[in-house]
Each structure stands twice: as structure tokens, then as C-alpha cells.
Amino acid sequence: MSMPEPPADARRAVFANRDFRWLVAGGVISMLGDQFTLLAMPWLMLKLTGDSLALGLVLAIMGIPRALFILVGGALTDRYSSHRVLMLTKYVNTALLGLLGALVWMDTLPLWLLYPLALGIGLASAFSIPAGTSILPTVVPREQLAAANGVMMGLRQMTLLAGPALAGLMIALSADGGHGGTVGAKDSGTALAFLMDAASFALSAWTLAKVKAVVADPAARDTSIIRSIGEGLRHFWGDTHLRTLCLYFAAVTACISGPVQVGLPLLVDQRLLPGGAGALGTILAAHGAGTLVGLALSAARPGLRLGTLGLTILAIDIVCGLFFLPLALVTATWQVMALLFGVGVLGGFVQVRVWTWMQRRVPPAMLGRAMALFMFIFMGVGPLSAALAGALLRQVSVTQMMVATGLFLTTLALAGMVFTPIRQVREEAA
120 MSMPEPPADA RRAVFANRDF RWLVAGGVIS MLGDQFTLLA MPWLMLKLTG
170 DSLALGLVLA IMGIPRALFI LVGGALTDRY SSHRVLMLTK YVNTALLGLL
220 GALVWMDTLP LWLLYPLALG IGLASAFSIP AGTSILPTVV PREQLAAANG
270 VMMGLRQMTL LAGPALAGLM IALSADGGHG GTVGAKDSGT ALAFLMDAAS
320 FALSAWTLAK VKAVVADPAA RDTSIIRSIG EGLRHFWGDT HLRTLCLYFA
370 AVTACISGPV QVGLPLLVDQ RLLPGGAGAL GTILAAHGAG TLVGLALSAA
420 RPGLRLGTLG LTILAIDIVC GLFFLPLALV TATWQVMALL FGVGVLGGFV
470 QVRVWTWMQR RVPPAMLGRA MALFMFIFMG VGPLSAALAG ALLRQVSVTQ
520 MMVATGLFLT TLALAGMVFT PIRQVREEAA
């Protein structure tokens with residue numbers, strides 16, 4: 120086996136790949152544009168109705184079809200290639216967001232039309248997610264996947280930090296609009312946000328057209344979609360390490376997703392001085408900055424691990440669980456920032472390793488379905504965890520929930536170390 124390339128050499132090699140340069144350029148443009156819609160859609164719905172129930176409904180219309188159809192998206196990705204499916208979703212999103220932005224700009228958007236537009240955007244993401252997460256191995260050699268994933272995830276994290284600020288600034292340009300089913304004619308900031316996202320999809324479609332990716336095997340088209348999904352599920356279940364690790368990640372998501380989404384804002388509101396929305400934004404930014412540092416550390420020290428990949432994952436989760444325990448005692452924003460910065464560093468460090476492990480372990484012909492299933496776990500478990508956390512917080516304090524979260528995550532990782540084969544999971548050879 121050849122020796123792994125040093126980090127700097129690996130990054131130079133991956134950037135020497137013309138197709139990767141086009142792919143990463145389009146990816147950054149598209150990811151930045153996504154932040155505009157993520158901020159503009161709830162803002163638009165509140166401007167139209169002022170109703171939190173209507174806001175929840177439109178977000179559900181976007182999210183539920185994505186979760187339901189993502190396995191179909193993975194099967195079609197393996198059938199027709201990630202490149203073709205991703206290109207089609209970019210065209211669809213350009214049209215939908217362009218129409219939405221134009222109607223808001225002209226103050227002619229009826230409330231009822233927002234629901235089918237949200238449904239279309241949600242359905243498109245059910246196909247773009249498996250295609251987008253499985254295209255990288257079709258563009259770069261397997262030995263460069265770790266470096267390529269580090270670059271892509273690092274840039275994505277930067278867009279998550281910069282995008283909301285830019286989107287908020289643009290939406291702040293809008294004046295108060297009307298109510299009762301249409302948006303005010305001066306609501307130009309919201310309209311521009313949607314148009315910016317539409318333009319980002321159009322531009323990233325152009326860059327994607329420059330990418331020469333591996334084409335899917337035509338023989339895969341002879342299999343029905345249902346049978347193709349069944350083959351992917353059987354392969355997943357038959358791979359002990361893949362199955363165990365994904366089920367473990369589902370349990371971790373169930374443990375921490377709800378307390379973070381629901382409990383953290385409540386903690387900020389009840390316990391912190393100073394508190395408020397500004398404090399919550401600062402805390403989330405600290406976590407994002409930590410994740411970016413972790414991604415950079417993973418890229419700079421690819422050989423840094425505690426024995427095996429699986430043992431490293433479990434050890435990191437034990438430490439993250441311990442980071443949650445002091446949240447029961449915090450009284451100042453900077454204290455939460457420091458704790459979540461540490462969680463972000465550890466999480467970012469392991470993200471690249473897990474993503475690269477999956478891309479190398481799964482056969483290329485099944486990568487779309489594997490990535491779809493992987494994302495389906497998070498999309499299905501995350502909302503359920505948030506709903507459960509909201510219900511529990513009516514019975515327990517946020518302090519008790521944070522302590523329970525830390526103890527449960529630590530116990531879960533220790534149980535994984537003792538009772539499962541996760542500790543035996545090793546990084547796949549290129």
C-alpha cells in the first residue's frame with residue numbers, strides 16, 4: 120500500500136484537478152445562496168400571515184417530502200448518475216425560486232401559491248441531497264477524498280457563518296409590507312433574497328456543466344426504483360460496521376438534536392446574562408467557528424486518531440457528553456460559547472473522517488442510496504427529537520435536560536465501546 124500524501128500535497132493535488140475546481144466553485148455559490156432562502160422563507164411567511172402555525176405548516180411542507188422521497192432520490196442518483204440528477208435539481212430550483220422572487224418583487228404572490236412552491240423546493244432537495252453528497256467520488260480519486268471532503272466541508276461551514284449575516288442584511292432592506300395574503304410592494308429585500316438564491320442555482324448549474332464526472336452504469340436502469348431501494352437497504356443491513364455506525368449516529372441524533380434545537384434557546388432566555396436573540400446568535404456562531412477549526416485540524420492532521428476511527432468517534436462523543444454537563448451551571452453567554460466551541464471543534468474533526476469512510480466503504484454503484492439513507496436517518500430522527508424535547512421541557516427544567524443529555528450521550532458512547540463492534544471500525548484504505 121502506498122504511503123498517504125501529506126496534507127499540503129493532498130490539497131495541492133486535489134486543486135490541480137480541473138473538475139474539482141469547477142465543482143467546489145459551484146458548490147460554494149449554491150451553499151451561500153441556500154442561506155438566503157433559509158432565512159427569507161420563514162420571514163416571508165410571517166409577513167404574509169403573522170401566524171406561527173402557518174409558518175410551521177410551510178416548513179413541514181418543505182421538510183416532510185424531502186424525508187419521504189430522499190430514498191427515491193438516492194436510487195435515481197445511482198441509476199442516472201449524481202451529475203445528471205444534481206443538474207436537473209439546479210434547473211428546477213432556479214425556476215421555482217426565480218418565480219417566487221419575481222412574485223414577491225411585484226407584490227402579486229397569493230398565500231395559497233406559496234404552499235406548492237414550498238412543496239416543489241422540498242421535493243427538489245430530496246433528489247439534490249443524495250446527488251450532491253455522492254458526486255465527489257465520481258470526480259476525484261479515492262486517495263484524495265479526505266482532502267476534498269475537508270475543503271468542501273470547510274467552505275460549507277464558512278458559508279454557514281457568512282450566509283445568514285448577508286441574507287439578514289439584504290432582508291433588512293425591505294420595508295414593512297401589507298398583510299392579508301400578499302406582501303407589501305416595498306418588500307424588496309425578501310424578493311432579492313429569493314432571486315439571489317435562484318441566481319446561485321443558475322450559476323452553479325453552469326459550473327457543474329463544466330465538470331466531467333463518472334457516468335452511472337446503464338445496466339442499473341434495468342432495475343425498478345422499488346427494487347433498487349430494496350437492494351440498497353439489504354446492502355446497508357448486511358454490512359455490520361455500516362449498519363452499527365449508522366444506528367449509533369441515529370441514537371446520538373435523538374439524544375442531542377432536540378435539546379440543542381429547543382433547550383438551548385430556552386437556556387439563553389432563562390439563564391444567561393446578557394441573553395436574548397443576540398446571545399443565541401453569538402453562541403451558534405461560536406459553535407460554527409469551532410466546527411471550522413475542527414475541520415481544519417482534521418485536514419492538517421489526517422493521521423491523528425485514538426487507535427481506530429470507531430474508537431476515536433466514541434471517545435469524542437464521551438468528551439462531548441461531558442461538555443454538556445456544565446451547561447447546568449452557566450450564567451453568562453461567554454461560558455456557553457466556550458463549551459459549544461469545544462463541541463464544534465470535536466464534531467468538525469470527526470465529520471471529515473466519517474464522510475470519507477462512507478464514500479470509500481460503499482460501492483460506487485450504491486453510493487447515492489447509501490448517502491440518501493444516511494441523511495434520511497438524521498432528517499427523520501432530528502424532528503422527532505425536537506418534538507420530544509419540547510414535550511419534556513414542560514415537565515423538567517432546562518438544567519435537568521442538559522444534565523440528562525450529557526449523561527445519556529456519555530453512557531451511549533461507553534455502551535457502544537463495550538457492546539458493539541464500532542471500536543473496530545477502521546478508516547478505509549484509498
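If you use this note's numbering, the sequence shown corresponds to residues 120 to 549, in order. Ideal placement from N, C-alpha and C gives every residue a C-beta, glycine not left out.
Task: Coarse secondary structure for A451, derived from DSSP in three states - done: The three-state secondary structure of A451, taken from DSSP, is strand.
Open item on the list: Just to confirm, is the Cβ distance from A173 to M164 under 8 Å?
Closed with: A173 is a Cβ neighbour of M164, given a cutoff of 8 Å.
Open item on the list: Assuming V259 and T372 are in contact, meaning their beta carbons sit under 8 Å apart, how far apart are those beta carbons, in whole angstroms?
Closed with: The Cβ separation is near 28 Å, so there is no contact.
Task: Endpoints, alpha helix (DSSP H) assigned at A328 - done: Looking at the DSSP string, the run of the alpha helix (DSSP H) that includes A328 is S307 to A328.
Task: Cα-Cα separation between F139 and V330, rounded to whole angstroms - done: In a straight line, the C-alpha of F139 is about 8 Å away from that of V330.
Open item on the list: With a threshold of 7 Å on Cβ separation, who are the neighbours of V517 within its own chain once the five nearest residues in sequence on each side are excluded?
Closed with: Correct list, in chain order: G382, L385, L386 and Q389.
Task: Between the CA atoms of I375 and A243 - distance to the nearest angstrom - done: One Cα belongs to A243, the other to I375, and the distance between them is close to 28 Å.
Task: Residue of L458, S417, P283 and L416 minimising C-alpha distance to L158 - done: Of the candidates L458, S417, P283 and L416, the residue whose Cα lies closest to the Cα of L158 is P283.
TODO: For the alpha helix (DSSP H) holding T539, just list the boundary residues, first then last.
DONE: Run containing T539: none; DSSP gives neither H nor E here.
Task: Meets three-Cβ-pair contact criterion under 8 Å: the stretch 207-215 and the stretch 244-251 - done: By the Cβ criterion, the stretch 207-215 is in contact with the stretch 244-251, since at least three pairs of Cβ atoms, one from each stretch, lie closer than 8 Å.
- [ ] Use the C-beta contact count for R198: other C-beta atoms within 10 angstroms, 16 or more gives buried, fewer gives exposed.
- [x] It is buried - the Cβ of R198 has at least 16 other Cβ atoms within 10 Å.
Task: Straight-line gap, A404 to T278 (C-alpha atoms, nearest Å) - done: A404 and T278 have their C-alpha atoms spaced approximately 12 Å apart.
Open item on the list: I need the straight-line Cα distance from E546 to P235, nearest angstrom please.
Closed with: Taking C-alpha positions only, E546 is separated from P235 by approximately 43 Å.
- [ ] Indicate whether V191 and I402 have their beta-carbon atoms separated by less than 8 Å.
- [x] With contacts defined as CB atoms closer than 8 Å, V191 and I402 fail to qualify as a contacting pair.
TODO: Sort T196, G273, L288 and Q263 by Cα distance to W162 and report the nearest one.
DONE: Per the Cα distances, L288.
Task: Start-to-end residues for the alpha helix (DSSP H) that takes in L551 - done: Look at the range of the chain in this structure, 120 to 549, and you will see that residue 551 is not part of it.
Open item on the list: Tell me the residue span of the alpha helix (DSSP H) that contains R362.
Closed with: DSSP places R362 in the uninterrupted alpha helix (DSSP H) bounded by T359 to G377.
TODO: Using a threshold of 8 Å, state whether the C-beta atoms of G273 and L411 are closer than that.
DONE: Between G273 and L411, the C-beta gap is smaller than 8 Å, which places the two residues in contact.
Open item on the list: For G146 and G525, what's the separation of their Cα atoms in angstroms?
Closed with: So the alpha carbons of these two residues sit roughly 35 Å apart.
Task: Three-state secondary structure assigned by DSSP to G422 - done: Three-state DSSP puts G422 in coil, outside helix and strand.
Open item on the list: What would DSSP say about P558, mapped onto helix, strand or coil?
Closed with: The chain is shown only over 120 to 549; residue 558 falls outside these bounds and no answer can be derived.
- [ ] Consult DSSP for V412 and reduce its assignment to one of helix, strand or coil.
- [x] In this structure, V412 counts as helix in the three-state DSSP scheme.
Task: Cα-Cα separation, T529 to D436 - done: Take the alpha-carbon of T529 and the one of D436: they are about 7 Å apart.
Task: Own chain residues within Cβ distance below 6 Å of D316, not counting five before or after - done: In its chain, beyond the 5 residues on either side, G152, F155, T156 and L216 have a beta carbon closer than 6 Å to the beta carbon of D316.
TODO: Grab me the residues of P540's own chain with a C-beta within less than 7 Å of its C-beta, minus the 5 sequence neighbours each way, in chain order.
DONE: Excluding sequence neighbours, P540 sits near T359, H360 and T363.
Open item on the list: Cutting at 8 Å between CB atoms, please list the residues of its own chain near V471, excluding the five before and the five after it.
Closed with: Correct list, in chain order: A265, N268, G269, M272, L414, S417 and A418.
TODO: Give the secondary structure of V481 by DSSP, where H, G and I count as helix, E and B as strand, and everything else as coil.
DONE: The three-state secondary structure of V481, taken from DSSP, is coil.
Open item on the list: Could you check whether L444 and V522 sit closer than 8 Å to each other, using their CB atoms as the reference points?
Closed with: One thing to note: V522 has its Cβ within 8 Å of the Cβ of L444.
- [ ] Name the residue from M150, F188 and A457 whose alpha carbon lies nearest to the alpha carbon of R275.
- [x] Checking every option, the nearest Cα to that of R275 belongs to M150.
Task: For G297, three-class secondary structure by DSSP - done: Low confidence applies to G297: its pLDDT is 44, below 50, so where it sits in the model is not reliable, and the reading given next is rough at best. Judged by DSSP in its simplified three-state form, G297 adopts coil rather than helix or strand.
Open item on the list: Measuring only the C-alpha atoms, how far is A286 from W474?
Closed with: Take the alpha-carbon of A286 and the one of W474: they are about 29 Å apart.
Open item on the list: Using CA atoms only, rank isn't needed, just tell me which of A318, R261, I240 and V438 is closest to L459.
Closed with: The shortest C-alpha separation from L459 is found at V438.
Open item on the list: What residue range does the alpha helix (DSSP H) around M206 cover?
Closed with: Annotation for M206: the continuous alpha helix (DSSP H) segment containing it runs S201 to W224.
Task: Coarse secondary structure for P502, derived from DSSP in three states - done: Here P502 sits in helix by DSSP.
Task: Three-state secondary structure (DSSP) of M122 - done: A caution first: M122 carries a pLDDT of 38, below 50, which makes its placement in the model unreliable, though a value can still be read off. When DSSP states are grouped into helix, strand and coil, M122 belongs to the coil group.
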